[in-house]
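> Let me give you the structure first, and then I'll get to my questions.
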Amino acid sequence: MFTVRQLRYFQILASTGHFGEASEKLGISQPALSVQIAEMEKIAGSPLFERTSKRIILTPLGCNFLPIINDILARLTVLGDIVAAHESPLSYPIKLGIIPTVAPYILPSVLPKVRHLYPSLTLQIQEAKTDRLVELLRNGHIDAVVAATPLDEDEFVSELLFDDDFYYALPRDDPQSVYKNVRAGDVDTGKLLLLEEGHCLRDQSLEACQTKRYRHDITASSLTTLMQLVANGIGITIIPQIAVSTEARLDNISVVAFEGETPRRHICLFWRRRSRRSKDFKLLADLLKSLAVPILDQARNFIM
-19 MFTVRQLRYF
-9 QILASTGHFG
1 EASEKLGISQ
11 PALSVQIAEM
21 EKIAGSPLFE
31 RTSKRIILTP
41 LGCNFLPIIN
51 DILARLTVLG
61 DIVAAHESPL
71 SYPIKLGIIP
81 TVAPYILPSV
91 LPKVRHLYPS
101 LTLQIQEAKT
111 DRLVELLRNG
121 HIDAVVAATP
131 LDEDEFVSEL
141 LFDDDFYYAL
151 PRDDPQSVYK
161 NVRAGDVDTG
171 KLLLLEEGHC
181 LRDQSLEACQ
191 TKRYRHDITA
201 SSLTTLMQLV
211 ANGIGITIIP
221 QIAVSTEARL
231 DNISVVAFEG
241 ETPRRHICLF
251 WRRRSRRSKD
261 FKLLADLLKS
271 LAVPILDQAR
281 NFIM
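For the sequence shown, our numbering gives the first residue as -19, with consecutive numbering after it.
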């Protein structure tokens, strides 16, 4: 019969559709992956994947296997959670996913504190965009996710960590940088710089500026790049409060508030509703909340 290792290999290959990508994610060689899949197909008595010149796709038998294998692996994750629930708090490893617009601003505080307070806890971090983290959480490859709402409330439980206010980041010589606040409707969308597609902050920024029309030749994969562009007079951007004290230290940047009700995102810790480790995740959420407070407070020193 199939081994758990083979089931995981099958799941990753099915999700990537490419032996190279799958082997890289699994940390094994392509020949090793091919051998295990071939062994599965031998046991099944029929091919599970159809090999094409560019992609690997599931055969009808493979399609029948996939939901069953996903369910088996998810149940194994739950079994591990049950075992962990009987250990002392935060002593069993946690695989934590975190979005790129939060990770660099909170992790430098989180990791040393975790080592100090919970020396037996191994915190394994994966930084990725929200859609990828949701997929990993759903399939049991990670245990919890730090991301912005909303996520599927039927599938995941959430604990609010902090409200993350949005601000304008402007070059110091921009005419609007002298104001204490700027109306959303007054933003020149021709100057607006945003993250690339797939970042939830991109859509949230457009919503904050009350516009859906956006075309610009420049996009970036990180807030750091956007802020460097702003500092050099290339445009303006939207910056969340959690990032202000790190990214707004550049000399040629002004941070200005929105006029009226401040737009914001809600950063939460999410975990699977069926997980038995809610106690651990709530303790982790409390820790993340306490560490976010001073970072958010520091941001006020940089706001006009």
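In this text, a Cβ means the ideal position worked out from N, Cα and C, and glycines have one as well. Please read these numbers as outputs of a predicted model, since none were measured by experiment.
Could you check if Glu241 is buried or exposed, using at least 16 other CB atoms within 10 Å of its CB as the buried criterion?
Position 261 of the sequence shown holds residue 241. With fewer than 16 other Cβ atoms from the protein chains shown falling within 10 Å of its own Cβ, Glu241 counts as exposed.
> Am I right that Leu173 and Val210 are in contact with their C-beta atoms under 8 Å? What's the rounded C-beta distance?
Here residue 173 refers to the residue found at position 193 of the sequence shown. Here residue 210 refers to the residue found at position 230 of the sequence shown. Between the beta-carbon of Leu173 and that of Val210 there is about 7 Å, and that keeps the pair under the 8 Å contact cut.
> Would you mind reading off the limits of the beta strand (DSSP E) that contains Asp111?
Translated into positions along the sequence shown, residue 111 becomes position 131. Unbroken run through Asp111 is the alpha helix (DSSP H), 110 to 118; no beta strand (DSSP E).
> Closer than 7 Å by C-beta to Lys262: which residues in its own chain qualify, once you throw out the five before and the five after it? Chain order, please.
Against the sequence shown, residue 262 aligns to sequence position 282. Excluding positions up to five away in sequence, the list reads Glu139.
> For Ile52 and Met20, I'd like the C-alpha separation in whole angstroms.
On the sequence shown, position 72 is the one that residue 52 refers to. On the sequence shown, position 40 is the one that residue 20 refers to. Looking at the two C-alpha atoms, the distance is approximately 16 Å.
> What does a CB cutoff of less than 8 Å around Glu239 pick up in its chain, not counting 5 residues either side in sequence?
What you label residue 239 is simply residue 259 of the sequence shown in a count that begins at 1. Only Asn161, Val162, Arg163, Ala164 meet the Cβ criterion.
> Residues in the same chain with beta-carbon distance under 8 Å from Glu176, minus the five sequence neighbours each way, listed in chain order, please.
Looking up residue 176 in the sequence shown gives position 196. Apart from the 5 residues on each side of it in sequence, Glu176 sits with its Cβ closer than 8 Å to the Cβ of Arg182, Thr199, Ala200, Ser201 in its chain, given in chain order.
> Which parts of the segment 15 to 54 are runs of the beta strand (DSSP E), unbroken and 3 residues or longer, counting only runs that do not cross its ends?
29 to 31, 36 to 38
> For the ligand HEM, is there any heavy atom lying closer than 8 Å to the beta carbon of Leu101?
Among the ligands in the structure shown, none appear at all, so the ligand HEM cannot be discussed.
> Exposed or buried, Gly42, counting other C-beta atoms within 10 Å across all chains shown (16 or more means buried)?
Locating residue 42 in the sequence shown gives position 62, where the first residue counts as 1. By the neighbour-count rule (16 or more Cβ atoms within 10 Å), Gly42 is buried.
> CB Pro69 to CB Asp260, shorter than 9 Å?
One-based indexing of the sequence shown puts residue 69 at position 89. One-based indexing of the sequence shown puts residue 260 at position 280. Result yes, Cβ atoms of Pro69 and Asp260 sit closer than 9 Å.
> Considering just the uninterrupted stretch of the beta strand (DSSP E) at Gln106, what are its terminal residues?
Residue numbering aside, residue 106 sits at position 126 when the sequence shown is read from its first letter. Element bounds for Gln106: 103 to 107.
> Classify Lys75 as helix, strand or coil using the three-state DSSP reduction.
Taking the first residue of the sequence shown as position 1, residue 75 is located at position 95. Lys75: strand per DSSP, three-state reduction.
> When you compare each of Ala108, Leu97, Thr102 to Pro84 by their alpha carbons, which one comes out closest?
Stepping through the sequence shown from its first residue, residue 84 is reached at position 104. Taking only the C-alpha atoms, the option nearest Pro84 is Ala108.
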